[in-house]
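Asker: Residue numbers (the numbering used here): 452 to 795.
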Amino acid sequence: DYVVNFTTPGTYTLWLRGYPANAAGDSVYVGVGNERVEVTGFAPRTWDWATGRISESTNIRIEQAGTYTLSLWMREDGLRVDRLLLTTDTTYIPADVGPVETERLTDTTTLDYRVNRVIGYEYDDLYRLTNANYSTGETYAYEYDPVGNRLKQIINGDTTEYLYDAANRLQSVDGVAYTFDANGNLLTTGALTNTWDAANRLISATRDGNTIRPIYNGVNDRVGQTVGTTTTHFALDVQTLPEVIYTSNGEVYLHIPGIIVTESNAGETRYLLGDGLGSIRQATDEKGAVVAYQEFDPYGNPVQGGGAPYGYTGEWWEDDVQLLHLRTRWYDPDIAYFMSRDLW
Numbered sequence: 452d453y454v455v456n457f458t459t460p461g462t463y464t465l466w467l468r469g470y471p472a473n474a475a476g477d478s479v480y481v482g483v484g485n486e487r488v489e490v491t492g493f494a495p496r497t498w499d500w501a502t503g504r505i506s507e508s509t510n511i512r513i514e515q516a517g518t519y520t521l522s523l524w525m526r527e528d529g530l531r532v533d534r535l536l537l538t539t540d541t542t543y544i545p546a547d548v549g550p551v552e553t554e555r556l557t558d559t560t561t562l563d564y565r566v567n568r569v570i571g572y573e574y575d576d577l578y579r580l581t582n583a584n585y586s587t588g589e590t591y592a593y594e595y596d597p598v599g600n601r602l603k604q605i606i607n608g609d610t611t612e613y614l615y616d617a618a619n620r621l622q623s624v625d626g627v628a629y630t631f632d633a634n635g636n637l638l639t640t641g642a643l644t645n646t647w648d649a650a651n652r653l654i655s656a657t658r659d660g661n662t663i664r665p666i667y668n669g670v671n672d673r674v675g676q677t678v679g680t681t682t683t684h685f686a687l688d689v690q691t692l693p694e695v696i697y698t699s700n701g702e703v704y705l706h707i708p709g710i711i712v713t714e715s716n717a718g719e720t721r722y723l724l725g726d727g728l729g730s731i732r733q734a735t736d737e738k739g740a741v742v743a744y745q746e747f748d749p750y751g752n753p754v755q756g757g758g759a760p761y762g763y764t765g766e767w768w769e770d771d772v773q774l775l776h777l778r779t780r781w782y783d784p785d786i787a788y789f790m791s792r793d794l795w
């Protein structure tokens, strides 16, 4: 695949300079966006230019200027391709090595978001994560008590300490007190304030002046949520039907098992790409160009990027209060802690 910047929309004729290993009519398929053409007619055992079949067009229509992903598929083994030419001059026939090569793109969205990183994980005898070492230099280390509560987190040498009460509830983080109600629901931290109803459902959460207010139906499903003047509505994916989520400001999110597509009120469609854990790492536009990305620490805390409504493990991320909605419970990745007891 190659990234091509079309500064001018229009109809482009495609030429390829290739060297076929035999005279069997080698060909190449080239795709740009939703267009695909076949280039054939290479002279055997020599470097030469070729375009499409006589009866077929190799024209590619670019509707609007922008960055596109161009893909090549070889039909025959041994065919080598040296150059590709896209021109709006339908009468032009290239010779020798063709025209001067266009200046290469040095700053494209797609390249900006390609992060080459290897992460090594280490576990203790109880399969608890003890270390995560990133090839880019970041290090994470964790210590636990005998029942699995996290006592220390060490990130790049900086230590955070956790203290628990006799009921294994988080009592403080680096000396900042945490409080709970009688049912075990987290009420306050140093930055977060929560309110719960009699059914142990979170009805408001406030952090740094931002407040979210979830809305539930009669069987405790979250069917809506208000943040400021914007209300988000959720249609549940019962029996694996698509989950359609829309907001009062016109944004629409379509969630099909294995695929999440977001469509904004500006008519732009984004495709969200997940990793092996299901965490959303990148968002692409209809042309395949990466327009947003995000990275997480080992316990799901966002550390880079952003812009997608879905985050760690592919679940709904509430950026206003830095909380992850995991269907039956809310999760605070900053402290790797569920804010209420397990209903099951």
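In this text, a Cβ means the ideal position worked out from N, Cα and C, and glycines have one as well. No experiment lies behind these values; they were computed from the predicted model shown.
If we ignore side chains and look at the alpha-carbon of each, how far apart do D783 and A743 end up?
Answerer: Within the sequence shown, residue 783 is the residue found at index 332, counting from 1. Within the sequence shown, residue 743 is the residue found at index 292, counting from 1. Between D783 and A743, the C-alpha separation is close to 23 Å.
Asker: Output the distance between the C-alpha atoms of L523 and V703, rounded to the nearest integer angstrom.
Answerer: Within the sequence shown, numbered from 1, the residue matching residue 523 stands at position 72. Within the sequence shown, numbered from 1, the residue matching residue 703 stands at position 252. When rounded, the distance between both Cα atoms is 33 Å.
Asker: Apart from the five residues on each side of it in sequence, which residues of its chain come closer than 6 Å, Cβ to Cβ, to Y453?
Answerer: In the sequence shown, residue 453 corresponds to position 2, counting from 1. Contacts found: L521.
Asker: To which residues of the same chain is N619 closer than 7 Å at the C-beta, ignoring the five residues directly before and after it?
Answerer: Mapped onto the sequence shown, residue 619 falls at position 168. Once the five neighbours on either side are set aside, the close Cβ partners of N619 are V598, N600.
Asker: In terms of residues, what are the limits of the beta strand (DSSP E) holding M790?
Answerer: Here residue 790 is taken as the residue at index 339 of the sequence shown, counted from 1. No residue range can be given for M790, since it is assigned to no beta strand (DSSP E) and is classified by DSSP as neither H nor E.
Asker: Under a Cβ-count criterion, where at least 16 other Cβ atoms within 10 Å of its own Cβ denotes burial, should E514 be classed as buried or exposed?
Answerer: Residue numbering aside, residue 514 sits at position 63 when the sequence shown is read from its first letter. Flag for E514 reads exposed.
Asker: Could you tell me the alpha carbon to alpha carbon distance between G608 and T590, rounded to whole angstroms?
Answerer: On the sequence shown, residue 608 is found 157 positions in, with the first residue counted as 1. On the sequence shown, residue 590 is found 139 positions in, with the first residue counted as 1. Each residue's alpha carbon lies about 8 Å from the other.
Asker: Let me make sure I understand the geometry here. Which of Y470, Y572, E573 has the alpha-carbon closest to that of D547?
Answerer: Translated into positions along the sequence shown, residue 547 becomes position 96. When the alpha-carbon of D547 is set against those of Y470, Y572, E573, the nearest one is in Y470.
Asker: Out of curiosity, what's the CA-to-CA distance linking P463 and Y480?
Answerer: Translated into the one-based positions of the sequence shown, residue 463 becomes position 12. Translated into the one-based positions of the sequence shown, residue 480 becomes position 29. Before going further, note that residue 463 is Tyr rather than Pro in the sequence given. The straight-line gap from Cα to Cα measures roughly 15 Å.
Asker: Could you check the C-alpha separation between T458 and G517 for me, to the nearest Å?
Answerer: In the sequence shown, residue 458 corresponds to position 7, counting from 1. In the sequence shown, residue 517 corresponds to position 66, counting from 1. Cα-Cα distance, rounded: 6 Å.
Asker: Output the distance between the C-alpha atoms of S699 and T509, rounded to the nearest integer angstrom.
Answerer: Position 248 of the sequence shown holds residue 699. Position 58 of the sequence shown holds residue 509. Their Cα atoms are separated by approximately 45 Å.
Asker: Excluding five sequence neighbours on each side, which residues of the same chain lie with their C-beta closer than 7 Å to the C-beta of R732?
Answerer: Counting from 1 along the sequence shown, the entry for residue 732 is found at position 281. Same-chain partners within the cutoff: L724, G725, D726, Y744, Q745.
Asker: Leaving out five residues on either side along the sequence, give the residues of the same chain with a beta carbon under 7 Å from the beta carbon of R531.
Answerer: Position 80 of the sequence shown, counted from the start, is the residue given in the question as residue 531. G469, Y470.
Asker: For D785 and T735, I'd like the C-alpha separation in whole angstroms.
Answerer: Here the question's residue 785 lines up with position 334 in the sequence shown. Here the question's residue 735 lines up with position 284 in the sequence shown. D785 and T735: Cα-Cα distance of roughly 27 Å.
Asker: Spatial neighbours of D575 within its chain, please: C-beta separation below 7 Å, excluding the five flanking residues on both sides.
Answerer: Numbered from its first residue, the sequence shown carries residue 575 at position 124. Cβ within range, chain order: T581.
Asker: Who are the near neighbours of A656 in its chain, counting only those whose CB is closer than 6 Å to its CB and skipping five residues on each side?
Answerer: For this step, residue 656 is matched to residue 205 along the sequence shown. Result list for A656: N645, I663, V772, in chain order.
Asker: Which same chain residues end up closer than 6 Å to T639 when comparing Cβ atoms and leaving out the 5 residues on each side of it in sequence?
Answerer: Walking along the sequence shown from the start, residue 639 turns up at place 188. Result list for T639: T630, in chain order.
Asker: Ignore the nearest five residues each way along the sequence and tell me which others in D596's own chain have a CB closer than 6 Å to its CB.
Answerer: Here residue 596 refers to the residue found at position 145 when the sequence shown is read from its first residue. Excluding residues within five positions, the ones whose Cβ falls inside 6 Å are L602.
Asker: Taking the C-alpha atoms as reference points, what is the distance between G729 and V569?
Answerer: Working through the sequence shown from its first residue, we reach residue 729 at position 278. Working through the sequence shown from its first residue, we reach residue 569 at position 118. Taking the straight line joining both Cα atoms gives about 18 Å.
Asker: Assuming W647 is part of the beta strand (DSSP E), what are its boundary residues?
Answerer: Your numbering for residue 647 matches position 196 in the sequence shown. Secondary structure note for W647: its beta strand (DSSP E) is the uninterrupted segment 643-647.
Asker: What residue ranges within the region 491-540 form continuous beta strand (DSSP E) runs of no fewer than 3 residues, ordered along the chain?
Answerer: As far as the region 491-540 is concerned, its whole beta strand (DSSP E) runs of at least 3 residues are 499-501, 510-513, 517-525, 531-538.
Asker: Quick check on this structure: which residue in G751, F747, T713, P760 has the alpha carbon closest to the alpha carbon of E737?
Answerer: On the sequence shown, residue 737 is found 286 positions in, with the first residue counted as 1. For the residues G751, F747, T713, P760, the minimum Cα distance to E737 belongs to T713.
Asker: Is the beta carbon of E766 closer than 8 Å to that of L777?
Answerer: On the sequence shown, residue 777 is found 326 positions in, with the first residue counted as 1. On the sequence shown, residue 766 is found 315 positions in, with the first residue counted as 1. Against a cut-off of 8 Å, the Cβ pair of E766 and L777 comes out as a contact.
Asker: By the three-class DSSP mapping on this structure, what secondary structure does Y629 have?
Answerer: Here the question's residue 629 lines up with position 178 in the sequence shown. If DSSP states are grouped into helix, strand and coil, Y629 belongs with coil.
Asker: So, T610 versus V624, is the Cβ gap smaller than 8 Å?
Answerer: As a first step, residue 610 is located in the sequence shown; it is residue number 159 there, counting from the start. As a first step, residue 624 is located in the sequence shown; it is residue number 173 there, counting from the start. No, these two residues do not count as a Cβ contact at 8 Å.
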